[in-house]
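*Asks:* Input: one structure, supplied below.
Protein chains: 2
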Amino acid sequence: MPNYLTEGNRAWEAVLSAHAALMREFAAEAVWREHDVSMREYDVLYTLAKCPGGDAARIGELQEGVLLSQPALSRLIDRLASRGLVERTADPDDGRAVRVRLTDAGAELQRRVGRAHARSVGAALSRALSREEMASLERLAQKLVAGQQGSAL
Amino acid sequence: MPNYLTEGNRAWEAVLSAHAALMREFAAEAVWREHDVSMREYDVLYTLAKCPGGDAARIGELQEGVLLSQPALSRLIDRLASRGLVERTADPDDGRAVRVRLTDAGAELQRRVGRAHARSVGAALSRALSREEMASLERLAQKLVAGQQGSAL
DNA sequence: TATATCCATATGCAAACGCATATAATTACC
DNA sequence: GGTAATTATATGCGTTTGCATATGGATATA
């Protein structure tokens with residue numbers, strides 16, 4: 667594994683620019699205001715929605731997908747719960763843990779917002795990349811994630 | 667420009683995951699604490715450092731690279747200025763605008779932190795991608811940015 | 001089983017953020 | 001050239017964030 671430092675840095679800088687540019691565009695969508703949901707809140711709702719085990723996840727699991735500190739995520743879930751979008755339930759196997767799952771209202775909101783947001787995402791990517799390039803980008807991003815997981819040992 | 671909505675969404679989701687994973691790793695670096703600089707602050711210092719015109723940029727220009735609201739960036743610059751890392755000067759051509767440039771101390775700090783951070787970035791990318799893949803990722807990310815610029819019209 | 005250590009989540013608090021809006025300077029239009 | 005619309009940045013204010021730490025359950029060790 668040779669170290670191509672400058673190439674790596676240039677690639678990462680480009681990724682950051684792309685991330686910033688697209689996030690800015692997506693943040694400008696009307697959906698968020700229409701449904702009174704922030705992108706971060708939606709991110710959590712989305713993560714819960716695609717969660718395999720009956721839409722229930724432990725906070726620690728959600729943490730991996732969302733770029734937030736543990737306390738910030740804990741309070742974000744507070745807010746979602748107080749709005750009736752998610753429910754906290756005790757984990758039967760671990761008394762310390764908390765399971766979070768979407769309520770019907772939360773799942774419904776996620777679907778509504780998700781449809782609109784997915785359109786924007788698809789449009790933005792289609793504008794810039796071919797189908798093959800999208801697949802290539804997906805693969806490269808997945809390799810980056812995989813590389814990270816290896817280093818966490 | 668056909669719309670490959672699902673492919674685009676999968677690619678974007680992978681990019682978000684990679685971004686989150688790497689940002690988390692980079693945030694854990696010791697540099698930030700050692701030099702009492704947050705990643706966002708460094709981001710601004712870096713943007714100023716690579717700025718062509720004598721390391722001076724208008725706030726609006728900085729805004730494009732940093733994912734922050736205009737008021738947040740304005741105050742971030744306040745803090746950097748109060749620590750003597752950047753200087754605000756009036757723009758000679760536009761009385762509304764403000765030019766921001768690195769002080770010597772700011773440039774020095776940027777270099778120190780930059781070296782350490784660049785090592786981490788390079789290492790993380792090298793761990794996951796080959797040189798060719800880095801180049802490919804850079805190109806795809808640049809196309810994403812270019813696609814965005816086109817849509818801003 | 002008592003005790004120390006480790007883990008998952010929550011809470012106190014100061015710092016930082018976003019939204020709305022103010023301020024001041026530029027450009028557009030008549 | 002004067003008034004309106006626009007642009008660049010700053011400020012007020014309520015909300016959200018991160019850091020440090022508390023709390024309470026699990027695991028290990030003796």
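Protein chains in written order, with my numbering: chain A, 667 to 819; chain B, 667 to 819.
All C-beta atoms, glycine included, are put in the ideal place defined by N, C-alpha and C.
Given the structure is predicted, the values throughout are model-derived calculations rather than measurements.
#1: Per DSSP, Ala764 (chain B) forms a beta bridge with which residues?
#2: Within 10 angstroms of the Cβ of Asp709 (chain A), are there 16 or more other Cβ atoms? Answer buried if so, exposed if not.
#3: Taking only the alpha-carbon atoms, compute the straight-line gap between Gly750 (chain B) and Arg767 (chain B) and give it to the nearest angstrom.
#4: Reducing DSSP to helix, strand and coil, say where Arg724 (chain A) ends up.
#5: Whose C-alpha, out of B:Met689, B:Ser796 and B:Pro668, is nearest the C-alpha of Pro668 (chain A)?
#6: Between the alpha carbons of Ala687 (chain A) and Glu679 (chain B), how many angstroms are there, rounded?
#7: Inspect the beta-carbon positions of Ala677 (chain B) and Glu804 (chain A) and report whether they are closer than 8 Å.
#8: Skipping 5 residues on each side, what residues in its chain have a beta carbon closer than 8 Å to that of His783 (chain A)?
#9: Check the Cβ of His701 (chain A) against every Cβ in chain B and list those closer than 8 Å, keeping chain order.
#10: So that I know if they touch, is there some Cβ in chain B lying closer than 8 Å to that of Arg676 (chain A)?
#11: Contact between the segment 752-772 of chain A and the segment 721-735 of chain A: three or more CB pairs below 8 Å?
#12: With 8 Å set as the bound, which would you pick, yes or no: does the beta-carbon of Gln808 (chain A) sit closer than that to a beta-carbon of chain B?
#13: At least one CB of chain B closer than 8 Å to the CB of Arg797 (chain A): is that the case?
#14: Would you mind reading off the limits of the alpha helix (DSSP H) that contains Val787 (chain B)?
*Replies:* Let me spell this out:
#1: Before going further, note that residue 764 (chain B) is Val rather than Ala in the sequence given. DSSP output for Val764 (chain B) lists B:Ala756 as bridge partner(s).
#2: Counting of Cβ neighbours within 10 angstroms places Asp709 (chain A) among the buried residues, the total reaching 16 or more.
#3: Taken atom to atom, the span from the alpha-carbon of Gly750 (chain B) to that of Arg767 (chain B) is near 11 Å.
#4: The answer is strand: DSSP assigns Arg724 (chain A) an E or B state.
#5: Here the closest residue by C-alpha is B:Ser796.
#6: Approximately 15 Å between the Cα atoms of the pair.
#7: Closer than 8 Å, so yes.
#8: Excluding sequence neighbours, His783 (chain A) sits near Phe692, Glu695, Val697 and Tyr708.
#9: Contact note: His701 (chain A) does not reach chain B at a C-beta cutoff of 8 Å; the least C-beta distance is about 19 Å.
#10: Interface with chain B (8 Å Cβ-Cβ cutoff): Arg676 (chain A) is included.
#11: Between the segment 752-772 of chain A and the segment 721-735 of chain A, the count of C-beta pairs closer than 8 Å reaches three or more; the two stretches touch.
#12: Closer than 8 Å to some Cβ of chain B, the Cβ of Gln808 (chain A) qualifies, so yes.
#13: Answer yes: the Cβ-Cβ gap between Arg797 (chain A) and chain B drops below 8 Å somewhere.
#14: Val787 (chain B) -> alpha helix (DSSP H) spans Asp770 to Ala794.
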